[in-house]
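If you read the sequences in order, they're chains C and W. Going by this note's numbering, the first residue of the first sequence is number 56, and it counts up by one from there. Going by this note's numbering, the first residue of the second sequence is number 305, and it counts up by one from there. Presented below is the structure to which this report refers.
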Amino acid sequence: MDIKKELSENQTILLIMDSAEYNQDIVSFVKKLNGKNIAYVTLNKTKDSLVELFKKNKIKIENIVFVDAISKTLKSVPDQSEGVYYVSSPGALTELSLVISKFIRHDFDYLIFDSLTNLLVYESKAPVGKFVSALVNKIKESKTKAVFYALSVKEQEALIKESGMFVDKVIDLDK
Amino acid sequence: MVKTVMVVDDEPDIRATVKAVLEKNKYKVVTAVNADDCLKKIKGGEKPDLILMDIMMPGTPVREVIPKLGKVKIAYLSVVRTSEAEKEDLMKNKNIVDFIQKPFDIDELLKRVKKLVG
Numbered sequence: 056m057d058i059k060k061e062l063s064e065n066q067t068i069l070l071i072m073d074s075a076e077y078n079q080d081i082v083s084f085v086k087k088l089n090g091k092n093i094a095y096v097t098l099n100k101t102k103d104s105l106v107e108l109f110k111k112n113k114i115k116i117e118n119i120v121f122v123d124a125i126s127k128t129l130k131s132v133p134d135q136s137e138g139v140y141y142v143s144s145p146g147a148l149t150e151l152s153l154v155i156s157k158f159i160r161h162d163f164d165y166l167i168f169d170s171l172t173n174l175l176v177y178e179s180k181a182p183v184g185k186f187v188s189a190l191v192n193k194i195k196e197s198k199t200k201a202v203f204y205a206l207s208v209k210e211q212e213a214l215i216k217e218s219g220m221f222v223d224k225v226i227d228l229d230k
Numbered sequence: 305m306v307k308t309v310m311v312v313d314d315e316p317d318i319r320a321t322v323k324a325v326l327e328k329n330k331y332k333v334v335t336a337v338n339a340d341d342c343l344k345k346i347k348g349g350e351k352p353d354l355i356l357m358d359i360m361m362p363g364t365p366v367r368e369v370i371p372k373l374g375k376v377k378i379a380y381l382s383v384v385r386t387s388e389a390e391k392e393d394l395m396k397n398k399n400i401v402d403f404i405q406k407p408f409d410i411d412e413l414l415k416r417v418k419k420l421v422g
């Protein structure tokens, strides 16, 4: 699957991944989009661990700005520092929405949302569905192209299905 | 003497599985659904030899509760990926004796529990 090509044809994509391939997939997609301005929203890894992972895979991170919803739960960090905005937790949907909106307003080339699956750990399906719908609508008013990751998890089929209705294309990497 | 392990995790499946395996291996197991519940149980008189604690759960952040738990040994369970430096930092707290990445192999978890509390 050529993520760049898919994003040239669709503004918003939901990518459903297998958990076994997940770490390889996220590296490969960022590699393909590298060089463009990317806002990377992480809900399951700290920004530092992503930087470690990307550098190990020779991905330049100068054009990537992170929205990290993990680090604040583990350690003391400021609201923002170079190349990163810290959000209280993956369940802080309003805060998350405000920070992501900033990036969308600045017309970043790509927004990577990693991942919808993690939102459901902290919030129930209804507010998460509302959050995704509002976020996709904001993206549609901008030039930013967005890819939402989701793990293929049986318990979360309903949210994946609902989110699939909001985006332009759903790609299941297992199929 | 029977050792007590407290399993603190917001995922019911994890609590149930780890509890079943540890009990089968002659440990007494107490469970808690988040850090607040863990603290409540410790204050209520529970004295576990080891706490297996998910690092990220709804409710009060784990890092705020750890200092209130006294001298009990704690092993983090983490689905969250951290950098090596962050992991080292998290382990600096004297109470933290291990960092177990999820998903874990249940036999490996048991081996580590045995090593930590006997």
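By construction, the Cβ of each residue, glycine as well, lies at the ideal position given by its N, Cα and C atoms.
Rounded Cβ spacing between residue i and residue j (contact assumed at less than 8 Å)
i: Ala94 (chain C); j: Val122 (chain C); result: 7 Å
i: Val333 (chain W); j: Lys323 (chain W); result: 5 Å
i: Leu148 (chain C); j: Leu214 (chain C); result: That pair is no contact at about 13 Å.
i: Glu390 (chain W); j: Thr101 (chain C); result: 6 Å
i: Ser387 (chain W); j: Glu107 (chain C); result: 5 Å
i: Met395 (chain W); j: Phe408 (chain W); result: Not really, about 17 Å apart at Cβ, beyond 8 Å.
i: Asp169 (chain C); j: Asn99 (chain C); result: 7 Å
i: Ile58 (chain C); j: Asp223 (chain C); result: Contact doesn't hold; Cβ gap of about 14 Å is too wide.
i: Leu70 (chain C); j: Ile226 (chain C); result: 5 Å
i: Tyr165 (chain C); j: Lys60 (chain C); result: No, Tyr165 (chain C) and Lys60 (chain C) are not in contact; Cβ-Cβ is about 13 Å, not under 8 Å.
i: Ile418 (chain W); j: Asn399 (chain W); result: This sequence places Lys at residue 418 (chain W); Ile is not what is there. Going by Cβ atoms, the distance from Lys418 (chain W) to Asn399 (chain W) rounds to 19 Å, so no, they are not a contact pair.
i: Val384 (chain W); j: Ile125 (chain C); result: 5 Å
i: Val187 (chain C); j: Phe221 (chain C); result: 6 Å
i: Val366 (chain W); j: Ile355 (chain W); result: Their Cβ separation, rounded to whole angstroms, is 10 Å, which puts Val366 (chain W) and Ile355 (chain W) out of contact at 8 Å.
i: Leu206 (chain C); j: Met72 (chain C); result: 6 Å
i: Val421 (chain W); j: Lys307 (chain W); result: 5 Å
i: Gly146 (chain C); j: Pro362 (chain W); result: 7 Å
i: Lys130 (chain C); j: Asp393 (chain W); result: 7 Å
i: Thr364 (chain W); j: Ala339 (chain W); result: 5 Å
i: Ser143 (chain C); j: Glu137 (chain C); result: That pair is no contact at about 20 Å.
Within chain W, partners of residue i - CB distance below 7 Å
i: Lys100 (chain C); result: Val384, Arg385
i: Asp169 (chain C); result: Correct list: empty, because the minimum Cβ distance to chain W is about 11 Å.
Proximal chain W residues relative to residue i, where beta-carbon distance stays under 8 Å
i: Glu196 (chain C); result: Going along chain W, no residue has its Cβ under 8 Å from Glu196 (chain C), so there is no contact; the nearest lies around 32 Å.
i: Ser81 (chain C); result: According to the sequence displayed, residue 81 (chain C) carries Ile and not Ser. Under the 8 Å cutoff, chain W gives no residues; its nearest Cβ is about 11 Å from Ile81 (chain C).
i: Asn107 (chain C); result: Rather than Asn, the amino acid found at residue 107 (chain C) in this sequence is Glu. Within chain W, the residues near Glu107 (chain C) are Ser387, Glu388.
i: Asp103 (chain C); result: Thr386, Ser387, Ala389, Glu390
Chain W residues whose Cβ lies nearer than 9 Å to that of residue i
i: Gly146 (chain C); result: Pro362
i: Ile125 (chain C); result: Met360, Val384, Arg385, Thr386
Cross-chain neighbours of residue i in chain C, by beta carbon under 7 Å
i: Pro365 (chain W); result: Thr128
i: Ile359 (chain W); result: Leu129
#### Entry: Runs of beta strand (DSSP E) wholly within the region 310-357 of chain W (minimum 3 residues, chain order)
332-336
### Query
If we count Cβ pairs, one from each stretch, closer than 8 Å, do we get three or more for the region 80-89 of chain C versus the region 146-160 of chain C?
no
### Query
What are the residues of the region 173-192 of chain C that lie near chain W, defined by any Cβ-Cβ distance shorter than 7 Å?
Tyr177
#### Entry: the region 200-211 of chain C in contact with the region 308-317 of chain W per 3-pair CB rule at 8 Å
no
#### Entry: In chain order, each alpha helix (DSSP H) run of at least 4 residues that lies wholly inside the region 364-388 of chain W
Fully enclosed alpha helix (DSSP H) runs of 4 or longer: 366-369.
### Query
Just by C-beta distance, which residues in the region 64-81 of chain C are closer than 8 Å to chain W?
none
### Query
For the region 392-406 of chain W, which residues have a CB atom closer than 9 Å to at least one CB atom of chain C, in sequence order?
Asp393, Leu394
### Entirely enclosed beta strand (DSSP E) segments - the region 185-210 of chain C, minimum 3 residues
DSSP assignment within the region 185-210 of chain C yields the following whole beta strand (DSSP E) runs of 3 residues or more, N-terminal first: 200-206.
### Query
Okay, do the region 339-358 of chain W and the region 112-126 of chain C touch, 3+ Cβ pairs below 8 Å being the bar?
Flag = no, the region 339-358 of chain W and the region 112-126 of chain C do not touch.
### Query
In chain order, which continuous runs of the beta strand (DSSP E) of length 3 or greater are located wholly inside the region 93-146 of chain C?
As for any beta strand (DSSP E) of minimum length 3 sitting wholly inside the region 93-146 of chain C, the runs are 93-97, 119-123, 139-141, ordered along the chain.
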